[in-house]
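Structure first, commentary second.
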Amino acid sequence: RELNSNNMKKFLEERKRLAMKQAREKENLEKQQGEQLEELDKEMDKWRESQEKEKVEDKLAQKP
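Note that the sequence shown covers residues 851 to 914 in my numbering.
Following this line, the structure appears as structure tokens:
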């Protein structure tokens, strides 16, 4: 009975430890994903801005 109790206790502790580890990893991944999305937004804004500048330059170049 004590052996079974000890095994159950170890099992539950291991599950708790793994759940905490998984939660930390998930939190880190979510943080990393957020940073990547911010960087992507910045890059997209830069690209849009350069496209607009190019469009304006083309219009100005076409005027006689």
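For every residue, glycine included, the Cβ atom is placed at its ideal position computed from N, Cα and C. These numbers come from a predicted model, not from an experiment.
Roughly how many angstroms separate the alpha carbons of residue i and residue j, rounded to a whole number?
i, j, result
"D891", "D908", "26 Å"
"D895", "K905", "15 Å"
"A911", "K903", "12 Å"
"R865", "L853", "18 Å"
"E893", "K859", "51 Å"
"S855", "E863", "12 Å"
"R898", "L868", "44 Å"
"K881", "L887", "10 Å"
Spatial neighbours of residue i within its chain, please: CB distance less than 6 Å, with the 5 preceding and 5 following residues excluded, ordered by chain position.
i, result
"E875", "none"
Among the residues of its own chain, which have a CB less than 7 Å from the CB of residue i, if the five just before and after it don't count?
i, result
"Q872", "none"
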